[in-house]
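The structure appears right after this line, and notes come after that.
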Amino acid sequence: MVREAVNGHHRLRIAVYDRYWSTGGGGEKYAGGVAEVLNEDHDVTLIGHVPIDTGWLGERLNLDLDGVATLIVDECDSLESVTADFDVLINLSYRSHARNGAARGIYIVHFPDRPGADLRPWQRFLRSKLLRLSRTDRRMIKVESGFHEADTIRWQEVRWTNGDGVLDVDVPTGAEKHLQLRFGRFIPGGIDRTISVEVDGVVMATDVLRCARNRFEVVEPLLISVPVVGRIGRNRVVIRSESGSPAGILGNGDNRILGVPLVSASFSRGPVGAAVSRASLLTAVPAGTDWLQSYDLVIANSEFTRTWIQRWWGINSVVLEPPVALRVPGPKSPMILSVGRFFAPGRGHAKKQLELVRAFRALGAVADGWELHLAGGCSPEDEPYLDEVKSEANGLAVVFHVNAPGSELDGLYRRASIYWHATGLGEDLDHDPVRAEHFGITTVEAMSAGAVPVVINAGGQPEIVRSGVDGYLFDTPEDLVRFTSSVISDPVLRSAMGESSIERAKRFGMANFGARLKALVDDAGAAGPAGH
């Protein structure tokens with residue numbers, strides 16, 4: 086039993102799942118930290134969908150992943166079945182709705198997704214009516230294999246195939262029904278794809294899915310209708326098409342193999358069929374949280390996240406801040422540092438480098454002899470934003486470190502006197518809290534090296550920085566400039582706050598994290614079954 090294994094210090098088989106290992110971001114630092122800590126006493130396996138280079142990941146994230154195993158599975162494979170032989174699954178993948186199949190499950194939330202967030206009241210009402218109309222179809226048509234989890238694109242919920250999507254269809258023996266398949270008109274890179282539909286091994290229809298050329302085609306899916314004659318047992322419908330990875334076409338880090346996006350599968354025809362097929366065109370289906378019942382424990386990465394889990398999901402969670410590999414302080418330079426990916430506002434929790442450059446300009450003569458260093462990754466699709474930031478920095482002492490390795494970042498942290506963080510600046514965070522920094526690993530890293538944090542008073546930052554003690558929390562760009570001027574102009578204050586920052590950061594170090602994580606894993610193992 087898991088309880089006996091944990092309390093008896095026997096080695097457990099623990100799976101740590103993250104869809105995005107290859108990005109090496111903040112979420113992966115948390116996931117990798119979990120693996121490092123638990124691998125001391127147990128057998129840990131990283132589960133992902135593309136090859137995982139633990140050497141590269143460890144160097145990038147400053148973690149020791151020696152001895153950690155990896156398991157690469159198809160994106161369309163059920164995580165529930167993949168983890169059936171593990172003692173514990175720890176799911177840290179952002180917005181994953183995968184069910185746990187291990188003996189015990191822990192779900193760690195970077196930030197919750199809001200069920201039905203994009204629905205207006207009239208859409209929610211209409212959707213509920215249409216779903217009731219389609220309940221017979223939903224009993225008769227089941228996904229068997231070859232489909233990814235539900236995705237929302239352009240306000241449309243879809244199930245992407247991987248090039249060979251299989252539906253299990255139940256038609257009364259001897260009866261003939263026409264299966265209506267509708268496909269969204271969007272393919273990465275705008276490349277048209279040929280679709281063939283087989284019924285019980287026979288090709289019954291072929292058509293070309295052309296990408297939408299205008300806004301009217303966006304809401305007019307491609308319809309392919311195929312006859313299905315019932316037989317003893319169920320019918321097998323295969324949707325075949327070309328496939329490819331968005332990462333290879335768009336350079337956006339999405340390594341899934343995508344075929345075509347299925348909007349709906351229905352036997353309904355006429356006005357009812359047309360209405361039902363467009364139900365998902367209104368927006369995403371309000372996501373339920375039934376999958377959470379398969380987990381024994383839900384963990385939030387901050388009090389900020391815990392509050393929104395309670396608000397949106399209506400469940401309790403415990404807080405375990407991400408592990409931070411504490412840096413070694415070094416001789417300080419007249420340097421302000423900010424670390425975070427370069428991506429434009431409107432794409433998640435943007436790091437606001439453009440606003441930081443403008444604030445540095447506003448410091449004027451106060452910052453004479455000082456430099457602003459901006460470090461972070463940048464994907465090809467975000468290069469226009471990076472170019473805009475560089476253009477704004479013309480004539481200023483701003484240094485860019487794009488896609489810098491871990492060793493270079495370590496040197497920057499050692500030298501930095503001040504650390505800036507502005508994620509969420511200018512955003513309506515009560516309406517869209519995802520645009521805030523949900524915790525703030527880089528802030529803690531900078532503090533551990535003795536940098537004075539001057540960071541936004543939003544998201545998880547107030548849980549890290551005690552304003553006026555370790556650094557300052559700002560609400561406006563003017564506050565950012567004012568507080569930074571004070572720190573630059575007063576070396577004694579800067580030194581005192583730097584020392585306080587080093588002590589404060591220890592609370593979030595790997596040693597404290599490891600002790601708390603092991604206790605939570607013990608508790609999860611000792612708990613009664615939940616959803617199993």
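Take the position in the sequence shown, starting the count at 1, then add 85; the result is the number in my numbering. For glycine and all other residues, C-beta sits at the position ideal for the given N, C-alpha and C.
In this structure, how does DSSP classify residue i when only helix, strand and coil are distinguished?
i: F559; result: strand
i: I526; result: helix
i: K262; result: strand
i: G425; result: coil
i: E406; result: coil
i: I342; result: coil
i: S585; result: helix
i: A543; result: coil
i: Y192; result: strand
i: V314; result: strand
i: E512; result: coil
i: E473; result: helix
i: W178; result: This sequence places Ser at residue 178; Trp is not what is there. Here S178 sits in coil by DSSP.
i: T569; result: helix
i: R412; result: coil
i: G594; result: strand
i: R184; result: coil
i: R601; result: helix
i: A531; result: helix
i: E160; result: coil
i: S464; result: coil
i: L150; result: coil
i: D453; result: coil
i: D198; result: coil
i: A609; result: helix
Let's see if you can read the secondary structure: which residues bound the alpha helix (DSSP H) around residue i?
i: I394; result: E388 to W398
i: F271; result: Counting along the chain, F271 falls outside any alpha helix (DSSP H), and DSSP gives it neither H nor E.
i: E144; result: T139 to L146
i: E327; result: Neither: E327 is in no alpha helix (DSSP H) and is coded neither H nor E.
i: S166; result: L164 to V167
i: R520; result: Looking at the DSSP string, R520 is not in any alpha helix (DSSP H), and its letter there is neither H nor E.
i: V442; result: Q438 to L448
Could you tell me which residues DSSP puts in a beta bridge with residue i?
i: K227; result: D253
i: T246; result: F232
i: P136; result: For P136, which the question treats as bridged, DSSP gives no partner whatsoever.
i: H458; result: L422 and V484
i: L578; result: DSSP lists no partner for L578.
i: A350; result: L266
i: L131; result: V101 and T155
i: R551; result: The partner list for R551 (beta bridge, DSSP) is empty, contrary to what the question assumes.
i: N299; result: Answer is none; N299 lacks a bridge partner.
i: P538; result: Y504
i: V173; result: I99 and R189
i: V322; result: L252 and V284
Could you check if residue i belongs to the surroundings of the ligand NAP, using beta carbon to heavy atom distance under 8 Å?
i: P408; result: Looking at this structure, you won't find the ligand NAP or any other ligand, since it has none at all.
Can you tell me where the beta strand (DSSP E) with residue i in it begins and where it stops?
i: E305; result: No beta strand (DSSP E) contains E305, which DSSP labels as neither H nor E.
i: V287; result: V287 to L294
i: R278; result: R278 to V284
i: L156; result: A154 to I157
i: A385; result: L382 to A385
Using a Cβ-Cβ cutoff of less than 7 Å, which residues in the same chain neighbour residue i once the five nearest sequence positions on both sides are dropped?
i: E477; result: L439, V442 and R443
i: G599; result: V122
i: P312; result: E261, H263 and M289
i: A429; result: A435, D467 and Y470
i: V153; result: A120, N124, V129, L131 and T139
i: R579; result: S502, V537 and V572
Can you name, in chain order, every residue of its own chain whose Cβ lies under 6 Å from the Cβ of residue i, other than the five neighbours on each side?
i: D339; result: P331 and A332
i: V322; result: L252, V254 and V284
i: L510; result: K437, E440 and I541
i: N176; result: Y102 and Y192
i: P407; result: Y115, N386, F524 and I526
i: T569; result: V539
Ordered along the chain, which non-local residues of its own chain (more than five positions away) have a Cβ less than 8 Å from that of residue i?
i: A169; result: G186 and A187
Residue ranges of each beta strand (DSSP E) within the stretch 478-507, 3 or longer: 483-487 and 503-506
Length at least 3, wholly inside the stretch 98-128: the beta strand (DSSP E) runs in chain order: 98-102
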